[in-house]
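Worksheet: the structure to be examined is printed underneath.
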């Protein structure tokens, strides 16, 4: 993760709550010290330098989040990471619309604007408070009764090449299928019972955390 400012600190906190290991790259020594005081790993360096990315393990990373102080720094960090790892999942933070375009061109898979998200969240809370409350409940890492997750389907999974009704997800796992994301990132919402589940799909499901664990296991490689 690149940057440990106001946004970066919140990201780090959530990653920690989710039990996801991470490394913070931050140029400010005081912020690096703050990260290390939390017991997390931090490197005092410039995230746009390729040797720094190698040092923190970019070649074995699950993803990279560029959330440093300026749009220009984020663009350089994303570009450096993309050159080194064409397959890496990269998220970039943008302050402006122009930066959003540049981050996508630099190779970011997703670009997030905290101000845009905040504005939409405020409007949605005013218009549909019950919906917002439900989404907060379903996506909170502290909730032990309900969770929303994406479950990748491996080629050798018992779920691959079946339909929603054949997989019997509701009865076997107690989950509700909200959508299926295809390999080309198309999202099929509220799939019909005869909708096929293909290798490489991601099931977006709602259910109890313990049910999610069983479903994740069966959706994984070698589950047959």
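In this note's numbering, the protein residues as written are -14 to 209.
C-beta: ideal position from N, C-alpha, C; glycine also.
Applying the criterion that 16 or more other CB atoms from any shown protein chain within 10 Å of the CB defines a buried residue, is residue 21 buried or exposed? As a first step, residue 21 must be located in the chain shown, where it is residue number 36. Residue 21 sits exposed, since fewer than 16 C-beta atoms from the chains shown fall within 10 Å of its C-beta.
Can you name the start and end residues of the beta strand (DSSP E) that residue 71 belongs to? Residue mapping note: residue 71 aligns to position 86 of the chain shown, counting from 1. Residue 71 -> no beta strand (DSSP E), and no H or E assigned at all.
Local Cβ density within 10 Å of residue 198, reported as buried at 16 or more and exposed below that: Start at 1 with the first residue of the chain shown, and residue 198 comes out as number 213. So residue 198 counts as exposed.
Exposed or buried, residue 154, counting other C-beta atoms within 10 Å across all chains shown (16 or more means buried)? Start at 1 with the first residue of the chain shown, and residue 154 comes out as number 169. Buried, because 16 or more other Cβ atoms sit within 10 Å of the Cβ of residue 154.
Does DSSP classify residue 45 as helix, strand or coil? As a position in the chain shown, residue 45 is number 60, starting the count at 1. Collapsing the DSSP output to three states places residue 45 in a helix.
Going by CA-CA distance only, name the one from 68, 115 and 188 that's closest to residue 90. Counting from one through the chain shown, the residue named residue 90 turns up at place 105. The candidate whose alpha carbon is nearest that of residue 90 is 68.
Helix, strand or coil for residue 133? Go by DSSP, reduced to three states. Walking along the chain shown from the start, residue 133 turns up at place 148. Of the three classes helix, strand and coil, the one that applies to residue 133 here is strand, per DSSP.
Residues bridged to residue 151 by DSSP? Working through the chain shown from its first residue, we reach residue 151 at position 166. For residue 151, DSSP assigns no beta-bridge partner whatsoever.
Quickly, what does DSSP pair residue 67 with across the bridge? List them, please. Locating residue 67 in the chain shown gives position 82, where the first residue counts as 1. Residue pairing by DSSP places residue 67 opposite no residue, since no beta bridge is assigned to it.
Is the stretch 148 to 165 touching the stretch 173 to 184 in the sense that three or more CB pairs, one from each, lie closer than 8 Å? Taking 8 Å as the limit for Cβ pairs, the verdict is that the stretch 148 to 165 does touch the stretch 173 to 184.
Does the distance from the C-beta atom of residue 94 to that of residue 107 stay below 8 Å? What you label residue 94 is simply residue 109 of the chain shown in a count that begins at 1. What you label residue 107 is simply residue 122 of the chain shown in a count that begins at 1. Between residue 94 and residue 107, the C-beta gap is not smaller than 8 Å, which leaves the two residues out of contact.
Quick one: is residue 174 buried, meaning 16 or more other Cβ sit within 10 Å of its Cβ, or exposed? For the purposes of this step, residue 174 is identified with residue 189 of the chain shown, where counting begins at 1. Counting C-beta atoms within 10 angstroms of its own C-beta, residue 174 has fewer than 16 neighbours from the protein chains shown and is therefore classed as exposed.
For the stretch 8 to 37, which segments carrying the beta strand (DSSP E) assignment without a break, of at least 3 residues, lie completely within its bounds, in sequence order? Those beta strand (DSSP E) runs which fall completely within the stretch 8 to 37 and span 3+ residues are 8 to 11 and 26 to 29.
Compute the distance between the beta-carbons of residue 17 and residue 32, then report whether it is under 8 Å. On the chain shown, residue 17 is found 32 positions in, with the first residue counted as 1. On the chain shown, residue 32 is found 47 positions in, with the first residue counted as 1. Not closer than 8 Å, so no.
Measure the Cβ-Cβ separation of residue 162 and residue 190 and say whether it is below 8 Å. Working through the chain shown from its first residue, we reach residue 162 at position 177. Working through the chain shown from its first residue, we reach residue 190 at position 205. Closer than 8 Å, so yes.
Kindly indicate which three-state DSSP category residue 103 falls into: helix, strand or coil? Within the chain shown, numbered from 1, the residue matching residue 103 stands at position 118. In the three-state scheme derived from DSSP, where H, G and I count as helix and E and B as strand, residue 103 is classed as helix.
From this set, 64, 73 and 0, which residue's C-alpha is nearest residue 43's C-alpha? Stepping through the chain shown from its first residue, residue 43 is reached at position 58. It is 73 whose Cα lies nearest to the Cα of residue 43.
Measure the alpha-carbon distance for residue -4 versus residue 2 and round it to whole angstroms. As a working mapping, residue -4 is identified with position 11 in the chain shown. As a working mapping, residue 2 is identified with position 17 in the chain shown. Rounded to whole angstroms, the separation of the alpha carbons of residue 2 and residue -4 is 10 Å.
Per-residue DSSP class, three states only, for residue 80: Here residue 80 corresponds to residue number 95 of the chain shown, with the count starting at 1. DSSP, reduced to helix, strand and coil, places residue 80 outside both helices and strands of the structure shown, so it counts as coil.
Which residues does DSSP list as the beta-bridge partners of residue 39? For the purposes of this step, residue 39 is identified with residue 54 of the chain shown, where counting begins at 1. Looking at the DSSP assignment, residue 39 forms no beta bridge with any residue, so it has no partner.
Where does residue 197 sit, in a helix, a strand or coil, going by DSSP? Here residue 197 refers to the residue found at position 212 of the chain shown. In the structure shown, residue 197 sits in a helix (DSSP, three-state: H, G or I).
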